[in-house]
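Report on the structure given below.
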Ligand code: GDP
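So this is what it looks like as structure tokens:
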């Protein structure tokens with residue numbers, strides 16, 4: 448059922464003997480494993496239960512039972528293509544008697560039989576149930592997340608919101624403050640840090656040096672990069688027309704950033720430059736928050752102003768329709784605390800990883816309602832999907848034949864994923880591959 452394959456997959460080595468004959472893994476194999484800063488020892492029990500003519504079987508079984516009784520966390524691997532079988536119930540009841548937390552792992556989820564049967568395993572009454580394809584390395588990260596989660600001293604939480612930020616607790620969120628000259632970038636940085644470390648000047652395009660400012664907000668660390676002050680680089684050519692200083696500055700800042708705050712001046716019409724600068728952030732895969740600054744100047748213009756302004760802003764920056772809009776004033780400080788909260792939320796969404804099982808169940812449902820267009824006379828089928836990366840969230844769709852979808856179908860899939868799993872403010876990348884080549888899930892982080 449794939450325990451040894453999984454073991455090897457986790458250890459990155461070929462220590463266990465993997466053959467197609469059941470019960471050929473004889474030794475108990477122990478291996479120290481580190482996953483995202485947590486160390487634990489992995490024990491492969493060999494074949495545990497069931498009858499066998501193998502003279503070593505009883506010995507292996509008793510060693511396996513010993514290992515089981517001393518385990519801090521038990522991982523029960525079941526074969527998804529077989530569905531729930533009596534032997535699974537037997538293993539589960541042994542495991543339950545030990546009293547340690549159990550994780551059920553449904554293997555071979557790359558096969559459609561396994562996908563239709565994976566829900567059956569909830570009947571074991573054990574949570575969580577994690578789906579993987581050990582041979583392809585799919586979902587192994589989810590499994591390790593679930594194991595680490597069950598180790599003593601860890602608080603339980605929804606695996607859907609597992610993020611790097613949570614795990615590390617202390618990681619710094621890098622924030623690029625970008626926008627045209629004079630929209631209030633430096634004022635905003637100053638206000639947020641309550642320090643006069645950044646020079647504010649009402650004159651557009653004054654030359655200063657770039658400043659990184661550290662900010663701690665409710666125990667969360669941010670590093671703000673104010674692009675207003677970076678020295679004017681002279682005329683910059685890039686494939687033709689001269690680009691504005693703000694665009695060049697933004698490009699530099701976003702390449703290092705987790706979240707870009709595009710500051711626009713609410714008292715001015717939205718300009719093409721605003722969109723060009725936002726485009727730099729989107730291309731870099733940053734999270735984006737749109738900050739409509741100087742709201743103190745326009746807030747008396749009536750209730751309708753919000754709607755008109757937001758519509759104009761959205762129309763100008765259609766490609767970043769996922770970005771939340773915040774109406775702020777760097778002068779009065781209105782809603783700037785909310786802005787920081789929002790930056791944090793977006794940074795978290797950008798680091799979120801969705802488990803392979805849950806993702807495939809959702810995509811199966813969504814694509815049933817609205818399947819991809821056929822390629823000529825051949826029907827395009829999505830075989831499975833997996834999130835291969837975070838920052839930004841990146842999903843690979845494996846299909847039978849198609850290597851790309853129509854852009855409107857990609858948009859549909861992106862929107863579905865975004866709203867179901869609440870990927871607020873972050874770009875989502877999709878890739879489409881045929882399932883012929885084996886893919887390996889990359890270790891995140
Ligand atoms: P930057 O070039 O984008 O860094 O813009 P600055 O921070 O230098 O601000 C440009 C001008 O706009 C200055 O005169 C600021 O005092 C003013 N300003 C910045 N934020 C606000 C705001 O929220 N409300 C108002 N009324 N003025 C602002």
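Numbering (our numbering), first residue to last: 448 to 892.
Using N, Cα and C, we set each Cβ at its ideal position, and we do this for glycine too.
{"query": "Residue 736 - DSSP class collapsed to helix/strand/coil", "result": "strand"}
{"query": "Residue 628 Cβ short of 8 angstroms to the ligand GDP heavy atom set", "result": "yes"}
{"query": "Exposure label - residue 855; buried when at least 16 CB within 10 Å", "result": "exposed"}
{"query": "Residue from 630, 485, 563, 795 with nearest C-alpha to residue 932", "result": "There is no way to answer for residue 932, as the model of the chain reaches only from 448 to 892."}
{"query": "Cβ neighbour criterion (16 or more within 10 Å) applied to residue 734", "result": "buried"}
{"query": "Neighbourhood of residue 585 by C-beta, 8 angstroms cutoff - its chain only, sequence neighbours within 5 removed", "result": "556, 557, 579, 803, 831, 833, 886, 888"}
{"query": "For residue 769, three-class secondary structure by DSSP", "result": "coil"}
{"query": "Residues that DSSP places opposite residue 842 in a beta bridge", "result": "834, 877"}
{"query": "Residue range of the alpha helix (DSSP H) that includes residue 729", "result": "719–731"}
{"query": "Residue from 845, 820, 781, 784 with nearest C-alpha to residue 807", "result": "845"}
{"query": "Own chain residues within Cβ distance below 6 angstroms of residue 778, not counting five before or after", "result": "743"}
{"query": "Distance, residue 864 Cα to residue 574 Cα", "result": "24 angstroms"}
{"query": "Straight-line gap, residue 511 to residue 823 (C-alpha atoms, nearest Å)", "result": "53 angstroms"}
{"query": "Other residues of its chain near residue 652: CB distance less than 6 angstroms, five sequence neighbours each side excluded", "result": "Residue confidence for residue 652 is low, a pLDDT of 43 falling below 50, so the modelled location carries little weight and cannot support an answer."}
{"query": "Reference residue 773; option with closest CA among 526, 527, 787, 489", "result": "787"}
{"query": "Check: residue 743 C-beta below 8 angstroms from any heavy atom of the ligand GDP", "result": "yes"}
{"query": "Contact under 9 angstroms by Cβ, residue 619 with residue 669", "result": "yes"}
{"query": "Identity of the residues DSSP links to residue 578 by a beta bridge", "result": "553"}
{"query": "Residue 632 Cβ short of 8 angstroms to the ligand GDP heavy atom set", "result": "yes"}
{"query": "9 angstroms Cβ cutoff met for residue 769 and residue 626", "result": "no"}
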